[in-house]
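For reference, the structure is listed below as structure tokens.
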Amino acid sequence: MKFVSYWHDTAPAFSGGAQGPVEGHYDAAVIGGGFTGLAAARQLAKAGAKVAVLEAERVGWGASGRNGGHLNNGLAHSYLSAKAELGKERAIALYRALDDSVDTIEALVAEEGIDCNFRRAGKLKLASKPQHFESIARNFEAVHAEVDPDTALLSAADLKSEIGSPFHGAMLSKKSAMMHMGRYAAGLAAAAVRHGAVIHENAKVTDHKQTGKRHELATSRGRISADNVLVATGAYTTPNFGYFRRRIISVGSFIIATRPLSDAEIAATMPGNRTCVTSMNIGNYFRLSPDNRLIFGGRARFSATSDQRSDAKSGQILRASLAAIFPQLAKVEIDYCWGGLVDMTKDRFPRAGYHDGVWYAMGYSGHGAQLSTHLGMILADAMLGREDRNPMKGLEWPAIPGYSGKPWFLPMVGLYYKALDRVQ
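Have a look at this one:
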């Protein structure tokens, strides 16, 4: 078993990073070489801006290369709960932003010729309990009528041709997609460089100061200045940016990948070949990889990934969950096990905009794989003085009381949701 991300291990390495010291003055400095930062850099460079990306590790190293490989439309919440909390107009705008995000990636992949196995697969929100299907059905009725007619409600009988496990029904979101995240990250980075962006890997930002409209950034490889700064670091945001640290909760998410499955095993487990998410509070998400592995993830433990030993413990929990859902794969070999951090907000709505001289996009709360590219491009347009299409504009983002960036309360949160799953 390899304790590395399947996406990292099976993608071509990006080789277009700048080799010299980090130096000079730029129109824009983008902190973070994930999908948000790379998409913004590409958009800025295409418009003729001089832009530098500062990545602490390598492109796609963080959440962009450690997720489950889903590009799901729809909200992290149910649409009904989002509408109750934000109002119908904002809930619809956010829902459609997720739809647009998948469209944006599809168009970008085609324009840049990125070989990343993009495919419109559709997503199944699977009801783990009978009462969960009732809730899913109520949400479906509102979604289908008000915001997304490309949805369907499937009964338990309908699911027999979709998945080899006895769920109680599902909502199908037909616009959802999937892709190879590592290949996309490498391709997006290469596209940004082709259009003129400079990407500095292994260039962790260690200090940020602003004097007037000029930003000074110190990194582990040198210093640069810039007229604009975009912070696109999500769960990996450093203490240099305390405003965001007080608002982002970094939660560990863990994933395993099996050996490639045979045609018979696929027919018995995932014949529908869609992205799947269960309805439990501490649930699971899964899909088939391009080489027919089952990629299976979830909040195995409410802790941050820290080392191989920690990831191995989470992998054991995930293996037990996999066997519970697919007993036919109980003894299948596991080839990969990895973890990563998810940038959660208290209300699980993403945030993007401009604060105290700095642009930002983060707080994706588990839906960043699809939304990040779209928001990165939207913020780049705003930085260029174009129309501000930010769907999160004006959404309040209060700090979490008594929180400074270290989520000491996560074990208690995990116990609460485990108890909730037992009774609901």
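With the sequence shown counted from 1, adding 115 to any position gets you this note's numbering.
Cβ atoms here follow ideal geometry from the backbone N, Cα and C, with glycine treated the same way.
Extent of the continuous beta strand (DSSP E) run through residue i
i, result
"residue 258", "Careful: residue 258 lies outside any beta strand (DSSP E), inside the alpha helix (DSSP H) at 245 to 261."
"residue 269", "266 to 269"
"residue 322", "320 to 326"
"residue 367", "364 to 373"
"residue 403", "399 to 403"
"residue 478", "Residue 478 -> no beta strand (DSSP E), and no H or E assigned at all."
"residue 466", "466 to 470"
"residue 330", "329 to 334"
"residue 411", "409 to 413"
Terminal residues of the alpha helix (DSSP H) in which residue i lies
i, result
"residue 309", "296 to 309"
"residue 216", "203 to 227"
"residue 169", "That residue, residue 169, is in no alpha helix (DSSP H); its beta strand (DSSP E) goes 166 to 169."
"residue 314", "Residue 314 -> not in any alpha helix (DSSP H); beta strand (DSSP E) instead, spanning 313 to 315."
"residue 152", "150 to 161"
"residue 382", "378 to 384"
"residue 121", "121 to 124"
Residue i vs residue j beta-carbon contact at 9 Å
i, j, result
"residue 457", "residue 178", "yes"
"residue 459", "residue 394", "no"
"residue 339", "residue 156", "no"
"residue 174", "residue 453", "no"
"residue 153", "residue 303", "yes"
"residue 319", "residue 169", "yes"
"residue 399", "residue 429", "no"
"residue 265", "residue 238", "no"
"residue 185", "residue 484", "yes"
"residue 280", "residue 384", "yes"
"residue 477", "residue 348", "yes"
"residue 183", "residue 242", "no"
"residue 161", "residue 143", "no"
"residue 369", "residue 432", "yes"
"residue 455", "residue 235", "no"
"residue 487", "residue 464", "no"
"residue 388", "residue 288", "no"
"residue 137", "residue 311", "no"
"residue 362", "residue 514", "yes"
"residue 252", "residue 195", "no"
"residue 141", "residue 467", "no"
"residue 447", "residue 376", "yes"
"residue 451", "residue 121", "yes"
"residue 192", "residue 200", "yes"
"residue 495", "residue 159", "yes"
"residue 386", "residue 277", "yes"
"residue 443", "residue 380", "yes"
"residue 233", "residue 299", "yes"
"residue 295", "residue 405", "yes"
Supposed contact pair residue j and residue i - C-beta distance, whole angstroms, cut 8 Å
i, j, result
"residue 475", "residue 332", "In fact, because the Cβ distance is near 15 Å, the residues do not count as touching under 8 Å."
"residue 408", "residue 520", "Not really, about 35 Å apart at Cβ, beyond 8 Å."
"residue 272", "residue 129", "Going by Cβ atoms, the distance from residue 272 to residue 129 rounds to 46 Å, so no, they are not a contact pair."
"residue 587", "residue 355", "As displayed, the chain neither begins before 116 nor continues past 539, which places residue 587 out of reach and without an answer."
"residue 544", "residue 126", "For residue 544 there is no data in the structure shown, the boundaries of the chain being 116 and 539."
"residue 293", "residue 151", "Incorrect: roughly 19 Å between the Cβ atoms, too far for contact."
"residue 358", "residue 218", "With a Cβ gap of about 31 Å, residue 358 and residue 218 do not count as contacting."
"residue 397", "residue 414", "5 Å"
"residue 227", "residue 133", "Not quite, the Cβ-Cβ distance comes to about 20 Å (not below 8 Å), so this is no contact."
"residue 268", "residue 482", "Not confirmed; about 22 Å, so no contact."
"residue 131", "residue 308", "4 Å"
"residue 206", "residue 197", "4 Å"
One or two residues paired with residue i in a DSSP bridge
i, result
"residue 140", "340"
"residue 238", "288 and 390"
"residue 446", "DSSP, once it has assigned bridges, lists no residue as partnering residue 446."
"residue 361", "DSSP, once it has assigned bridges, lists no residue as partnering residue 361."
"residue 453", "370"
"residue 293", "185 and 234"
"residue 459", "364"
"residue 275", "According to DSSP, residue 275 bridges with nothing at all."
"residue 346", "146 and 475"
"residue 117", "451"
Within-9 Å CB hit, residue i to chain D
i, result
"residue 233", "Although the question refers to chain D, the structure presented lacks it and comprises just one protein chain."
In chain order, each alpha helix (DSSP H) run of at least 4 residues that lies wholly inside the segment 480 to 529:
483 to 498
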